Structure formats: structure tokens, C-alpha cells
Amino acid sequence: MRLTLTSEEFLAAWLLRRGLEPLRTDCRIMREDGIDLPRLERTAMEAWFSRQLREAPAWMLAPVDVSAQARLSLLPDGIGRVTLPPGTVRVLSVEMSGWSRPALVVADTAHPRYAAQLNPFSRGGTNNPVAVQTAEDTLLLYTPAKDGAITRLEAICETTDGIYTFDSSLLDTIPKPEFLP
Numbered sequence: 001m002r003l004t005l006t007s008e009e010f011l012a013a014w015l016l017r018r019g020l021e022p023l024r025t026d027c028r029i030m031r032e033d034g035i036d037l038p039r040l041e042r043t044a045m046e047a048w049f050s051r052q053l054r055e056a057p058a059w060m061l062a063p064v065d066v067s068a069q070a071r072l073s074l075l076p077d078g079i080g081r082v083t084l085p086p087g088t089v090r091v092l093s094v095e096m097s098g099w100s101r102p103a104l105v106v107a108d109t110a111h112p113r114y115a116a117q118l119n120p121f122s123r124g125g126t127n128n129p130v131a132v133q134t135a136e137d138t139l140l141l142y143t144p145a146k147d148g149a150i151t152r153l154e155a156i157c158e159t160t161d162g163i164y165t166f167d168s169s170l171l172d173t174i175p176k177p178e179f180l181p
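The sequence shown runs 1 to 181 under my numbering.
Written as C-alpha cells, this is what we have:
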């Protein structure tokens with residue numbers, strides 16, 4: 001089930017899953033020198049979610065089509081250079097008019113298909129396109145169709161305005177604190 005949570009709602013679910021809520025109500029202690037648990041846990045939550053955006057399966061997250069915000073330019077050697085919108089974490093799929101199928105997306109420079117793109121005779125073409133994400137804001141297309149336009153560019157993007165959207169099963173991967181059994 002797809003969830004859309006505000007930052008406060010996500011923090012409440014985070015604290016509950018981590019075993020830090022609900023607090024005991026049978027005693028009351030007021031201290032001024034304690035740690036700020038919500039702030040500490042919010043930092044951990046944001047770091048965890050940022051890692052999930054990079055590593056979790058795409059079906060657990062909320063992919064968006066960013067083709068309208070992406071800018072395509074052609075390099076002198078015929079490679080397409082796409083400037084991705086700010087906040088793009090990883091590209092999942094690319095479709096372009098003139099291509100016979102979606103591109104294979106490669107983000108790992110150790111992948112053999114990445115090395116093949118360096119040679120003009122082995123790089124992808126319109127029948128077997130390859131997209132290489134070289135940085136968070138750059139995607140190289142091998143090889144764009146003549147007069148082609150990006151029709152779909154599906155990506156995982158950072159959260160905006162404190163709104164988190166993901167599948168509810170992602171909550172099951174929240175780690176317990178080390179000090180809890």
C-alpha cells in the first residue's frame with residue numbers, strides 16, 4: 001500500500017517501529033539536560049531514508065517521470081547528454097522516440113556495459129540503447145535517435161517539502177536501535 005506521510009507522521013511511525021514510542025505514562029520525570037530524542041531520531045530517519053532512495057527496490061519507493069524537467073543536448077561524438085533535475089537520486093528507465101525499446105540504465109562504472117560505451121563500435125544504438133548515470137545530475141545516452149525526444153524518464157527523487165511517499169513495506173526495514181533487544 002502506498003503511503004504519503006508528512007515529516008511529523010513519518011517520525012511518529014519511525015519512533016513506533018524503533019520501539020521508542022509510546023512513552024511510559026505511569027511516571028513523569030522532567031529534566032532539562034537530556035538529549036533531544038526526536039531531533040536525534042529525525043537525523044537517523046533522514047539518513048536511513050536517503051540510503052533507501054539509493055538502494056531499495058524501486059517498487060518500495062515512489063518513482064516519478066522527470067522527462068519534462070530534463071534537458072537533452074547532443075555532444076560532438078553523437079552521445080546524448082541529459083541534465084537531470086535537482087534532487088534526482090537514480091534513474092530507473094529512459095524511453096526516447098526513435099528507439100525500439102527502453103534503454104538499459106547503468107549506474108555502476110564497474111559494469112561491463114559501461115566499459116562498452118567508451119568504444120564507438122560497441123556502444124548502444126537505437127535498437128539497443130544504453131543510458132549511463134555518471135553523476136546525480138548527468139545521464140549519457142548511447143545513442144540518441146536523430147531528432148528524438150525523451151518520452152519518459154523515470155527516476156527516484158529526493159523528498160520535497162517534507163512529504164515522504166513510499167510503499168508501506170519499507171517501514172518493515174526500519175532497524176531497531178542497538179540498545180533494544
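The beta-carbon is built from N, C-alpha and C at its ideal position, and this holds for glycine as well.
Predicted model only: the values in this text are computed from it and were never measured.
Asked                                                                                         : Found
Local conformation of ASP167 per DSSP, three classes                                          : strand
Three-state secondary structure (DSSP) of ARG90                                               : strand
N- and C-terminal bounds of the beta strand (DSSP E) containing ARG81                         : 80 to 83
Residue range of the unbroken alpha helix (DSSP H) whose run includes ALA44                   : 37 to 55
Opposing strand residues paired with GLU232 [DSSP bridges]                                    : There is simply no residue 232 to check, as the chain begins at 1 and stops at 181 in what is shown.
Alpha carbon of GLY162 to alpha carbon of ALA68, nearest angstrom                             : 23 Å
Minimum C-alpha distance to GLN52 - residue among ASP147, PHE166, PHE179                      : PHE166
LEU75, DSSP secondary structure in three states                                               : coil
6 Å Cβ shell around LEU153 - same chain, five flanking residues per side excluded             : VAL66, SER67, ALA70, VAL94
Cβ separation of THR143 and ARG113, assumed to be a contact under 8 Å, to the nearest whole Å : Not quite, the Cβ-Cβ distance comes to about 14 Å (not below 8 Å), so this is no contact.
Distance, ALA155 Cα to PRO76 Cα                                                               : 27 Å
Cα-Cα separation, ASP172 to VAL82                                                             : 35 Å
Distance between LEU3 and ARG101 (C-alpha atoms, nearest Å)                                   : 31 Å
Pair within 8 Å by beta-carbon distance, LEU92 and VAL130                                     : no
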